[in-house]
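Heads up: the sequence shown is residues 1 to 246, going by the numbering used here.
In this text, a Cβ means the ideal position worked out from N, Cα and C, and glycines have one as well.
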Amino acid sequence: MGVQKLTLEDQHFAALIFPDIKRDRVRFLFVHNTQLKAVAWMMIGSDGSLYLHDRPSSTQQPKTLYKSKGIADGHGSFSTMNVPYSKKWTDLKENERKISYHSSGWVKGYGDFNQSINLKSITGRTLIQANQYTRPERYDMIEEDALRNTDIVVPAWDKDVFELDDTKPLMCRVFVEPLRDGQAQIGILERPGTPSQSALIFPATNLFNKRDNKPVQDLTYHIHFFNEERGNNPDYTFTSFLGVKT
């Protein structure tokens, strides 16, 4: 089965439902001033770990990277639990600028480790990560002849490609839930004013944790994108994840 598209015009909502992409690394492409921009890349590990973060241009990086713990507010976002942890881009090594959410619940990134919820034990749809991306001009333009088979052009409900806004920052919400009988529920974020939102749905099957030598339950990742209605585009990247008491 190939990729399926779902559009709900009255909700300003579009979704792409994918088959299991296995260990492929995919790029998420948007449009800005008629140019395709590669904003983020994603990979799902063999044990269900999620590797998802933005990929700014090598010459146009954000000044600061922020990370914080939060609790779900019931409206598709987090209330911050702690003072955000920040690092300057130039103070981090290349591999420290990436965020990875491991199936064990450990979140690695920005030179630090934090404990979140264990994905092997979740029982329902759970918000685990929220991202606010930096300004559109800080992402590389992708020429059509440089497109890859693993590139995903993110659609909008009324257009073929989701458009980045110079005045409204691009946001991302990541939900995960067990995949039961090959079925996954598609949720719509409750956002004020019904802004356009797009969801990418990725099932992950036949997962196995080599360290524990045990299988991991099948999962579904929901990656939701939308333009925030409030605020200006920031000169930083902000990542929040579901916090737990330790």
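Using a Cβ distance threshold of 8 Å, determine whether the segment 96–109 contacts the segment 235–245, with at least three qualifying pairs required. Contact between the segment 96–109 and the segment 235–245 is present, because at least three Cβ pairs lie under 8 Å.
Starting from the C-beta of Lys-214, find all residues in its chain whose C-beta is less than 8 Å away, skip the five residues before and the five after it, and write them out in chain order. Counted from its first residue, the sequence shown places residue 214 at position 214. Cβ neighbours of Lys-214 within its own chain (closer than 8 Å, five residues either side excluded): Phe-208.
In chain order, which continuous runs of the beta strand (DSSP E) of length 3 or greater are located wholly inside the segment 86–136? DSSP runs (the beta strand (DSSP E)) wholly in the segment 86–136: 106–109, 112–115 and 126–132.
Taking buried to mean at least 16 other C-beta atoms within 10 Å of its own C-beta, is Ser-58 buried or exposed? Start at 1 with the first residue of the sequence shown, and residue 58 comes out as number 58. The C-beta of Ser-58 has fewer than 16 other C-beta atoms within 10 Å across all chains shown, which makes the residue exposed.
Given a threshold of 16 other Cβ atoms within 10 Å of its Cβ, counted over all protein chains shown, does Asn-114 qualify as buried or as exposed? Here residue 114 refers to the residue found at position 114 of the sequence shown. By the neighbour-count rule (16 or more Cβ atoms within 10 Å), Asn-114 is buried.
If you reduce the DSSP assignment to three classes, tell me which class Gln-217 lands in. In the sequence shown, the residue the question calls residue 217 occupies position 217. Taken through DSSP and simplified to helix, strand or coil, Gln-217 comes out as coil.
Short Cβ contact (8 Å threshold) for Lys-159 with Asn-227: Mapped onto the sequence shown, residue 159 falls at position 159. Mapped onto the sequence shown, residue 227 falls at position 227. Contact: no.
Bridge partners of Ala-38, per DSSP? Position 38 of the sequence shown, counting from 1, holds the residue named residue 38. The partner list for Ala-38 (beta bridge, DSSP) reads Leu-29.
If you draw a straight line from the C-alpha of Arg-247 to the C-alpha of Met-43, how long is it? With the chain running from 1 to 246 in the structure shown, residue 247 is simply not present.
Residues that Ala-72 bridges to, as DSSP identifies them: Start at 1 with the first residue of the sequence shown, and residue 72 comes out as number 72. Note: Ala-72 sits in a beta bridge opposite Phe-78.
Between the Cα of Leu-147 and those of Thr-7, Leu-119, Leu-29 and His-53, spot the shortest distance and give me the residue it belongs to. Residue numbering aside, residue 147 sits at position 147 when the sequence shown is read from its first letter. When the alpha-carbon of Leu-147 is set against those of Thr-7, Leu-119, Leu-29 and His-53, the nearest one is in Leu-29.
Are the beta-carbon atoms of Thr-134 and Pro-203 separated by less than 8 Å? Along the sequence shown, read from residue 1 onward, the residue named residue 134 stands at position 134. Along the sequence shown, read from residue 1 onward, the residue named residue 203 stands at position 203. Not a contact, by the Cβ cut-off of 8 Å.
Start and end of the beta strand (DSSP E) containing Ile-17? Here residue 17 corresponds to residue number 17 of the sequence shown, with the count starting at 1. Element bounds for Ile-17: 13–17.
Helix, strand or coil at Asp-54 [DSSP, three-state]: Residue numbering aside, residue 54 sits at position 54 when the sequence shown is read from its first letter. Under the three-state reduction of DSSP, Asp-54 is assigned to strand.
Could you give the DSSP three-state label for Glu-9: helix, strand or coil? Looking up residue 9 in the sequence shown gives position 9. Here Glu-9 sits in helix by DSSP.
Phe-202, enclosing beta strand (DSSP E) - first and last residue: Here residue 202 is taken as the residue at index 202 of the sequence shown, counted from 1. Bounds of the beta strand (DSSP E) holding Phe-202 are 197–204.
State yes or no: is the C-beta of Trp-157 within less than 8 Å of the C-beta of Phe-18? Working through the sequence shown from its first residue, we reach residue 157 at position 157. Working through the sequence shown from its first residue, we reach residue 18 at position 18. With respect to the 8 Å criterion, Trp-157 and Phe-18 are not classified as neighbours on the basis of their beta carbons.
Contacting residues, own chain, Cβ-Cβ under 6 Å from Ile-188 (five flanking each side not counted): The sequence position of residue 188 within the sequence shown is 188, counting from 1. Contacts found: Gln-11 and Phe-13.
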